[in-house]
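Heads up, the thing below is written out as structure tokens.
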Amino acid sequence: MEKDIINEKTSGWLKIDSNLKEKIFDFCKGYIKFLNVAKTEREASKEIISNLKDCGFKNINDVQSLKEKDKVYMINRDKSIYAAVIGSKNITEGVNLVGAHIDSPRLDLKPNPLYEDIKLALFKTHYYGGIKKYQWTTIPLSIHGVIVKPSGEKIEVEIGEKEDDPIFTITDILPHLAQEQYEKKVGKAVTGEDLNVLVGSIPNDDDKVKENIMNLLNEKYGIKEIDFYSSELEVVPAFKAKDLGFDRSMVAAYGQDDRVCAYATLKALTDANAKDKTIVSIFADKEEIGSVGNTGMCSQMFDLFINELLNKKGENTPGALNKTYCNSMMLSADVGAGIDPNYKSTAEENNASKIGFGVELNKYTGSGGKSGASDANAEFVAKVRRIFEEKSVKYQVSELGKVDLGGGGTIAYILADKGMDVIDCGVPVISMHSPYEVTSKFDIYSAYLAYKAFFEED
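Next up, the structure:
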């Protein structure tokens with residue numbers, strides 16, 4: 001039997017030389033730094049724009065026309081970004097697109113968040129995205145976001161990240177009195193209305209804790225309680241991203257779904273030696289709640305960006321946008337589920353991703369009988385395989401757990417609906433959607449190499 005006739009699945013760490021290991025670890029130092037300053041979609045957008053500007057990208061609104069090798073970006077309400085490097089070919093001949101998202105599961109403050117109960121002040125929250133609610137109790141939390149006054153004044157808020165900052169937390173009942181809680185199913189033990197953030201306990205001279213907290217906020221930020229109406233304040237874990245393991249081979253951090261793929265996409269875009277095709281990156285918002293809204297991929301804002309590229313390159317004839325989409329190919333850069341040795345029963349091991357085994361290709365997502373899936377055709381999967389294999393990118397092909405256990409989705413179907421060839425391609429994650437997710441540094445670097453190779457395909 002020929003040696004390579006069987007697909008032997010091995011760890012990516014096997015037989016790598018010291019130079020490659022050093023590159024992987026250096027790359028992930030930058031990634032960890034990115035995670036620690038980009039805990040929300042607004043903060044991620046700010047960091048991405050800063051990186052793009054450093055690499056010579058210009059705001060498309062400041063550019064009158066486009067030519068080969070021009071680099072441009074568009075900002076969508078400070079929450080999503082589209083970026084492109086112009087190739088020599090007509091844009092209508094298709095673009096090579098890699099699209100990630102920069103929002104993550106979290107807790108948002110309600111419009112009327114501040115209240116007092118038994119002489120404690122708390123914030124009411126509304127969770128965003130799919131979370132296990134019990135995981136958000138008794139951990140250190142920070143508050144990030146903006147408050148915008150009717151005058152247009154925008155106040156940026158970040159509390160809980162600096163060493164001398166206070167932190168916040170959501171309390172839980174002590175085990176001695178938790179008999180009734182123990183009887184509940186794990187998904188019901190903590191409800192959405194239980195996720196109330198403890199923020200203070202000192203009363204003012206009138207014995208009102210809420211008023212004392214509001215006075216402190218007024219002194220620091222110049223706000224009144226009514227200003228919460230026009231705020232976007234997000235509660236996120238105060239944990240720092242850190243190396244994980246004695247061998248430092250993994251990263252533990254909040255928000256790796258999907259900022260791990262966003263960071264790899266950003267670095268691939270800025271480092272790629274693109275040939276003749278225009279290359280495009282998406283850093284989208286709202287994926288965790290269905291890609292809805294004007295900053296999500298279901299909006300027409302990305303269409304506007306591509307139309308602007310066509311306009312400023314002099315190519316926007318009737319049907320040009322549709323032709324561009326139908327001739328384009330995309331990697332939907334979103335994370336996958338790494339098999340967890342503590343919960344192997346949720347995966348079908350022969351079709352499960354293992355962390356440290358390379359970037360993951362997911363031919364289809366959806367649930368049950370591929371409901372809601374974008375199912376990549378065999379021809380496109382073969383093309384992506386060729387690109388990766390020619391550039392020695394280690395990859396694995398897998399599914400999201402056992403068929404009947406659940407499912408999930410990405411932005412892949414949205415771009416596929418426009419006529420593109422699309423496949424999901426991302427980093428396997430353990431403890432996905434938790435306050436502290438786990439990834440392999442080898443897979444992170446493999447994603448960067450995969451996206452770069454895809455950008456460089458002509």
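Heads up: the sequence shown runs through residues 1 to 458, numbered per full-length UniProt numbering.
The beta carbon of each residue, even a glycine, is placed where N, CA and C say it ideally should be.
1. So arginine 385 is in the alpha helix (DSSP H); what residue range does that whole segment cover?
2. Who pairs with asparagine 76 in a beta bridge, going by DSSP?
3. In angstroms, rounded to a whole number, what distance separates the CA positions of isoleucine 16 and lysine 267?
4. Among Gly152, Asp227, Leu449, which residue has its Cα nearest to the Cα of alanine 333?
5. Using only CA atoms, which one of Lys220, Ile226, Thr125, Gly130 lies nearest to lysine 149?
6. Taking only the alpha-carbon atoms, compute the straight-line gap between serine 431 and glutamate 437 and give it to the nearest angstrom.
7. Give the straight-line distance between the Cα atoms of phenylalanine 283 and alanine 264, rounded to the nearest whole angstrom.
8. When the Cβ atoms of the segment 129-137 are set against those of the segment 159-177, are three or more pairs found closer than 8 Å?
9. Quick one: give me the first and last residue of the beta strand (DSSP E) that phenylalanine 283 is part of.
10. Would you mind giving the Cβ-Cβ distance between methionine 330 and leucine 97, rounded to the nearest angstrom? I have them listed as a contact below 8 Å.
11. DSSP beta-bridge partners for glutamate 259?
12. Can you give the beta carbon distance from proline 428 to tyrosine 254, rounded, assuming they're within the 8 Å contact cut?
13. Do alanine 262 and glutamate 456 have their beta-carbon atoms positioned less than 8 Å apart in this structure?
14. In three-state DSSP terms, what is alanine 272?
15. Report all residues from its chain with a CB closer than 6 Å to the CB of leucine 415; omit the five preceding and five following residues, and keep chain order.
16. Please say whether aspartate 340 and glycine 368 have beta carbons closer to each other than 8 Å?
17. For glutamine 396, does the three-state DSSP call read helix, strand or coil?
18. Taking asparagine 218 and asparagine 212 to be in contact with their CB atoms under 8 Å, please state how far apart those CB atoms are, rounded to whole angstroms.
19. DSSP state of methionine 1, grouped into three classes?
20. Can you tell me whether DSSP reads serine 291 as helix, strand or coil?
21. Just curious, the alpha helix (DSSP H) that residue 460 is in, first and last residue?
22. Rounded to a whole number of angstroms, what is the C-alpha to C-alpha distance between leucine 288 and aspartate 206?
23. Mind reading off the beta-carbon distance from isoleucine 355 to aspartate 443? Whole number of angstroms is fine, and I expect it under 8 Å.
24. Would you call the segment 73-84 in contact with the segment 36-50, where contact means no fewer than 3 C-beta pairs closer than 8 Å?
25. Just tell me which of Lys220, Ile91, Thr270 has its CA closest to the CA of isoleucine 155.
26. Report all residues from its chain with a CB closer than 7 Å to the CB of glycine 12; omit the five preceding and five following residues, and keep chain order.
27. Under 8 Å between C-beta atoms, does lysine 354 make it to chain B?
28. Once DSSP output is grouped into helix, strand and coil, what is the label at asparagine 112?
Looking at the atomic coordinates:
1. Indexing the sequence shown from 1 puts residue 385 at position 385. Segment 378-390, the alpha helix (DSSP H) holding arginine 385.
2. Translated into the one-based positions of the sequence shown, residue 76 becomes position 76. Note: asparagine 76 sits in a beta bridge opposite Ser80.
3. The count along the sequence shown starts at 1 and reaches residue 16 at position 16. The count along the sequence shown starts at 1 and reaches residue 267 at position 267. Going by the C-alpha atoms only, they are around 22 Å apart.
4. Position 333 of the sequence shown, counted from the start, is the residue given in the question as residue 333. Selected option, being the one with the closest Cα: Leu449.
5. On the sequence shown, position 149 is the one that residue 149 refers to. Of Lys220, Ile226, Thr125, Gly130, the residue nearest in Cα terms is Ile226.
6. Taking the first residue of the sequence shown as 1, we reach residue 431 at position 431. Taking the first residue of the sequence shown as 1, we reach residue 437 at position 437. So the alpha carbons of these two residues sit roughly 5 Å apart.
7. Here residue 283 corresponds to residue number 283 of the sequence shown, with the count starting at 1. Here residue 264 corresponds to residue number 264 of the sequence shown, with the count starting at 1. About 11 Å.
8. yes
9. Residue mapping note: residue 283 aligns to position 283 of the sequence shown, counting from 1. 278-284 is the span of the beta strand (DSSP E), which, as asked, contains phenylalanine 283.
10. Start at 1 with the first residue of the sequence shown, and residue 330 comes out as number 330. Start at 1 with the first residue of the sequence shown, and residue 97 comes out as number 97. So it is a contact: roughly 4 Å between Cβ atoms.
11. For the purposes of this step, residue 259 is taken as residue 259 along the sequence shown, with counting starting at 1. Checking the sequence, you will find arginine at residue 259 rather than glutamate. Its beta-bridge partners do not exist; DSSP assigns none.
12. For this step, residue 428 is matched to residue 428 along the sequence shown. For this step, residue 254 is matched to residue 254 along the sequence shown. Actually they are not in contact, since the Cβ atoms of proline 428 and tyrosine 254 sit about 17 Å apart, beyond 8 Å.
13. Residue 456 sits at position 456 when you count from the first residue of the sequence shown. Residue 262 sits at position 262 when you count from the first residue of the sequence shown. No, these two residues do not count as a Cβ contact at 8 Å.
14. Taking the sequence shown and counting its residues from 1, one reaches residue 272 at position 272. Coil.
15. As a position in the sequence shown, residue 415 is number 415, starting the count at 1. Met330, Val422, listed in sequence order.
16. Sequence index remark: in the sequence shown, residue 368 carries index 368 (1-based). Sequence index remark: in the sequence shown, residue 340 carries index 340 (1-based). Result no, Cβ atoms of glycine 368 and aspartate 340 do not sit closer than 8 Å.
17. Reading the sequence shown from its first residue, position 396 is the one you call residue 396. In the structure shown, glutamine 396 sits in a strand (DSSP, three-state: E or B).
18. Counting from 1 along the sequence shown, the entry for residue 218 is found at position 218. Counting from 1 along the sequence shown, the entry for residue 212 is found at position 212. Contact flag wrong, Cβ pair sits at about 11 Å.
19. Start at 1 with the first residue of the sequence shown, and residue 1 comes out as number 1. Note that methionine 1 scores a pLDDT of 48, beneath 50, so its modelled location is shaky; the value from the coordinates is reported in the next line. In this structure, methionine 1 counts as coil in the three-state DSSP scheme.
20. Position 291 of the sequence shown holds residue 291. In the structure shown, serine 291 sits in coil (DSSP, three-state: anything other than H, G, I, E or B).
21. With the chain represented from 1 up to 458, any question about residue 460 goes unanswered, as that position is not in the structure.
22. Walking along the sequence shown from the start, residue 288 turns up at place 288. Walking along the sequence shown from the start, residue 206 turns up at place 206. The sequence shown places glutamate at residue 288, rather than the leucine named in the question. Approximately 43 Å between the Cα atoms of the pair.
23. Taking the first residue of the sequence shown as position 1, residue 355 is located at position 355. Taking the first residue of the sequence shown as position 1, residue 443 is located at position 443. Isoleucine 355 to aspartate 443, Cβ: 6 Å. Contact.
24. Touching, yes, given that three or more Cβ pairs across the two stretches are closer than 8 Å.
25. Within the sequence shown, the letter at position 155 stands for residue 155. Nearest option by C-alpha distance: Lys220.
26. Walking along the sequence shown from the start, residue 12 turns up at place 12. Here the set comprises Gly356, Phe357, Gly358, Lys394, Phe442, Ser446.
27. No chain B is present in this structure, which holds just one protein chain.
28. Counting from 1 along the sequence shown, the entry for residue 112 is found at position 112. Residue state, collapsed to three classes: strand.
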